[in-house]
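Step one of this worksheet: look at the structure below.
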Amino acid sequence: MSKTKYKWNIIHISLIIPIVLTVSLFVLSFFFFVIPTCKKIKIDGKKEMISELTYSVWSMLNKYENDVRKGLISLTEAQNEAILKIKYLRYGKDQKDYFWINDESPKMIMHPYNSLLDGKPLDKLKDPNGKNIFLESLNIVKTKGEGFIDYYWQWKDDSIRIVPKLSFVKEFKPWGWIIGTGVYINDVNDEIHGIQRKLIKISLVIITTVILLLISILLNSLRVEKKKKVIEKELDETRKNYKILIDNAPDAIVVYDIDLNRFVDVNPMAEKLFGSSNTDLLNTDPRCFFSSSLPENQFAEEIKALFKKAIKGEHPVFDMIVQNFSERKLCCEIRLVRLPNKNHRLIRASFNDITLRKQAEETIKANEALLKSLNEDKDHFFSILAHDLRSPFSAIISLTELLKKNVRDYDIRQIENFIHHINVSARSTFNLLEDLLMWARSQSGKLSFKPQLLNFTEVCQDIVSDMKVSAETKNITINILVTEKIDVYADIDMLKTILRNLISNAIKFTNNGGHVDVFVRQLNSRITISISDNGIGIPQQSLNKLFDITQKHTTTGTANETGTGLGLLLCKEFVEKHGGEIWVESKNGSDFKFTLPTISNYDSH
Amino acid sequence: MLKKTILIIDDSETSLLLFKSLFEKEEVIIQSEINSRTAGQRIRDIRPDLIVLDLMMPEIDGFQLLEIIKEDTELKAIPVIILSALHDSKTINKTIHLGATDFIKKPFNVNEVINTIHNQLKQLENKT
């Protein structure tokens with residue numbers, strides 16, 4: 280409130296003081312310069328006038344003197360004629376101003392209004408102020424030949440009324456006369472007063488006009504001031520609202536001065552984002568907050584281009600890594616907007632922390648890629664599976680068709696051969712179906728997992744006896760190199776599947792007359808089971824692909840046994856279900872190894 | 009008239025047996041190759057008039073072998089008929105793109121296979 284009053288007083292003072300000063304200066308200059316100047320000019324004019332008139336009279340006397348010299352007239356006649364003419368000479372206001380003549384004695388020769396003085400000595404005649412008028416006149420003409428003298432004298436022929444007078448006196452040497460004439464100062468004053476009155480009237484009109492103009496200006500100023508106050512109030516409210524908006528914005532907002540290369544304003548969210556106080560932020564080189572994978576120069580050029588766009592009035596939006604005071608890296612979506620300012624290039628930058636969004640996007644992208652890859656793997660896997668199912672069926676169908684058609688033409692050896700192939704194909708299909716069903720149940724989570732303490736040697740012997748036929752076909756020996764009783768804590772079905780698949784694979788990739796060895800080593804609460812053979816082995820580059828669903832391919836054994844590799848996937852899954860590991864080594868033949876627990880030291884899966 | 013030679017390349021012994029049995033009464037010479045790794049050399053050695061090729065084989069698969077045949081200036085003129093249990097449209101298109109002449113899906117009808125092979129041989133005769 281006091282601030283408003285203070286402003287109001289300033290306006291009053293700034294407007295009223297010049298008005299008062301102007302008017303005062305005008306009045307003062309009027310009375311102390313204009314009027315005295317007028318008076319001086321008037322008096323100078325009068326002086327000039329009376330001196331000129333005196334010169335005229337002097338010329339007239341000079342003419343008479345010339346006539347006297349020429350002998351046209353006697354001196355006395357000339358003097359009398361001259362006195363007569365001069366006595367009645369009048370000029371000025373009311374034709375009251377006159378000439379007088381006295382000689383150098385001094386004695387009055389002629390005075391038109393005071394004939395009593397004619398012929399009388401004047402050396403003792405003084406005005407009321409004690410001025411000896413005629414002696415002083417005599418002194419003037421004797422020293423300078425002519426001159427002005429002011430004194431007091433009677434008003435015309437009124438000897439009572441004594442008024443100030445200014446006279447000019449000039450000597451006419453041939454006759455020893457002094458001619459004088461003067462004007463009444465009152466007449467001059469009257470004229471000056473007349474001028475003064477006119478000037479005062481004009482001045483009043485001017486002052487009134489000026490005052491009216493100034494009042495109008497003042498009123499206008501007041502109106503403007505009032506308007507300004509309203510606008511200022513609105514501006515103040517807008518500023519406050521803007522501040523509230525900025526301070527409560529969900530984004531971090533900073534105002535950056537390109538010319539000073541520093542932040543000039545930051546909102547609370549910016550303090551939070553950069554992890555620093557307002558003061559620290561305003562005093563830190565903003566470049567230290569931003570990083571890029573680009574080379575420094577290229578990054579600077581990129582930033583420059585973005586600022587250039589903003590300066591042009593565009594609103595560039597871009598993502599950038601912001602490293603705050605706590606060294607934390609955030610991914611921000613930054614939007615630049617130019618702020619109007621006459622002196623500085625200001626840019627408002629709003630930062631939207633999209634780190635989480637980016638991470639989510641990355642995760643989605645990764646998941647999408649994973650899903651796509653899984654889908655492709657699944658398609659690939661199913662196409663292999665379809666192939667491996669069709670192939671034996673195709674063989675069975677075609678072989679039986681041929682048998683049906685040509686059974687009478689074939690000899691018994693051919694028929695036996697056909698039946699053997701049909702049997703191999705059917706067995707291969709059945710094994711594949713078994714694995715497939717097991718795998719499907721495992722994938723859908725329907726496969727029960729009931730680990731229990733088992734005698735490993737017994738389980739292993741059961742499986743080996745089941746595989747005896749296929750091993751004998753290729754004349755392969757299976758050795759269980761376990762001398763003592765070894766316990767294992769496992770699900771019996773899963774353990775059997777693992778052993779059947781690994782032993783069956785060993786037989787498949789071992790040449791006629793080879794051998795397959797089962798060996799068990801116990802270490803603490805785990806056993807490592809090794810199933811090795813002296814077969815064809817596995818190429819080094821294929822070792823990593825064996826347990827990968829994406830790398831499945833039809834494989835053919837040493838006796839052209841078929842298989843999808845699904846069995847190995849099952850082995851891996853079942854071993855891992857027991858908390859174990861499976862791997863393969865291949866040097867001379869293959870050596871598949873897997874670990875299983877001997878006691879219940881894991882949670883049920 | 010010279011008997012035409014057909015080379016069947018398949019890693020399945022059953023398939024080879026089947027194919028031989030199918031054409032044993034026909035006026036053709038059936039040659040078989042179970043190992044895809046040595047199949048390329050076998051083709052160069054016997055220069056068959058027609059190749060019947062399986063796709064899913066270990067080490068070198070049918071696609072790679074087809075590519076090898078079609079890139080070889082001396083072998084590329086030999087027509088190749090694909091015989092496979094893998095017969096989705098993507099696979100069929102891929103083999104046609106690589107230069108296969110025809111595609112027989114497994115399981116097949118024996119008469120259909122015989123007819124397809126015969127047609128192909130007839131076309132070869134017409135050419136010569």
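One line per chain: the protein sequences are A and B, in this order.
Residue 738 in this note's numbering sits at position 459 of the first sequence, with consecutive numbering throughout.
Residue 16 in this note's numbering sits at position 8 of the second sequence, with consecutive numbering throughout.
For each residue, glycine too, the CB sits at the ideal point set by N, CA and C.
The structure presented is a predicted model; accordingly, all values stated were derived computationally and were not measured.
Element boundaries [alpha helix (DSSP H), containing residue i]
i        : result
A:Leu396 : From DSSP, A:Leu396 is part of no alpha helix (DSSP H); its letter is neither H nor E.
B:Phe27  : 21 to 30
A:Asn654 : 634 to 685
A:Ala785 : 771 to 787
A:Gly473 : 464 to 526
A:Asn803 : Where A:Asn803 is concerned, there is no enclosing alpha helix (DSSP H), given that its DSSP letter is neither H nor E.
A:Trp454 : Element bounds for A:Trp454: n/a, residue is neither H nor E.
A:Lys349 : 314 to 349
A:Phe413 : 412 to 423
A:Gln740 : 735 to 745
A:Glu845 : A quick correction: the sequence has Leu, not Glu, at residue 845 of chain A. Taken as a continuous stretch (DSSP letters only), the alpha helix (DSSP H) holding A:Leu845 covers 845 to 856.
8 Å Cβ cut-off: residues of chain B touching residue i
i        : result
A:Glu655 : Within 8 Å Cβ-Cβ: nothing; A:Glu655 doesn't reach chain B, min ~11 Å.
A:Ser704 : Thr22
A:Asn696 : Leu25
Span of the beta strand (DSSP E) around residue i
i        : result
A:Thr874 : 868 to 876
A:Ser353 : Unbroken run through A:Ser353: none, as it is neither H nor E.
A:Ser723 : Taken as a continuous stretch (DSSP letters only), A:Ser723 belongs to no beta strand (DSSP E), as it is neither H nor E.
A:Leu760 : 756 to 760
A:Tyr367 : A:Tyr367 -> no beta strand (DSSP E), and no H or E assigned at all.
A:Phe378 : 378 to 382
A:Arg617 : 608 to 618
B:Leu15  : 12 to 17
A:Tyr535 : 531 to 536
B:Ile38  : 36 to 41
A:Ile388 : 387 to 389
Neighbouring residues, chain A, relative to residue i (Cβ below 7 Å)
i        : result
B:Pro115 : Arg669, Phe672, Ser673, Ile676, Ser677
B:Ser40  : By Cβ distance, chain A contributes nothing, its closest Cβ being about 12 Å from B:Ser40, past 7 Å.
Any C-beta of chain B under 7 Å from that of residue i
i        : result
A:Leu712 : no
A:His700 : yes
A:Ser662 : yes
A:His666 : yes
A:Ser883 : The predicted position of A:Ser883 is uncertain, since its pLDDT is 42 and thus under 50; no value can be drawn from it.
A:Ile878 : no
A:Glu860 : no
Interface flag, residue i vs chain A, CB-CB below 7 Å
i        : result
B:Thr22  : yes
B:Ala47  : no
B:Ala108 : no
B:Leu94  : yes
B:Asn127 : no
B:Leu74  : no
Chain-ordered chain A contacts of residue i [CB-CB under 8 Å]
i        : result
B:Val118 : Ser677, Glu680, Leu681, Lys684
For residue j and residue i, believed in contact at Cβ under 8 Å, the rounded distance
i        : j        : result
A:Ile742 : A:Lys775 : 6 Å
A:Pro565 : A:Phe586 : Their Cβ separation, rounded to whole angstroms, is 12 Å, which puts A:Pro565 and A:Phe586 out of contact at 8 Å.
A:Thr877 : A:Ile806 : 6 Å
B:Ile100 : B:Phe116 : Contact flag wrong, Cβ pair sits at about 14 Å.
Cross-chain neighbours of residue i in chain A, by beta carbon under 9 Å
i       : result
B:Leu30 : Ser677, Leu681
Could you pull out every unbroken alpha helix (DSSP H) segment of at least 4 residues lying fully inside the segment 540 to 602 of chain A, listed in chain order? Fully enclosed alpha helix (DSSP H) runs of 4 or longer: 547 to 553, 557 to 561, 575 to 590.
Runs of beta strand (DSSP E) wholly within the segment 53 to 133 of chain B (minimum 3 residues, chain order): Given a length threshold of 3 residues, each whole run of the beta strand (DSSP E) inside the segment 53 to 133 of chain B is given here in chain order: 58 to 61, 88 to 92, 110 to 113.
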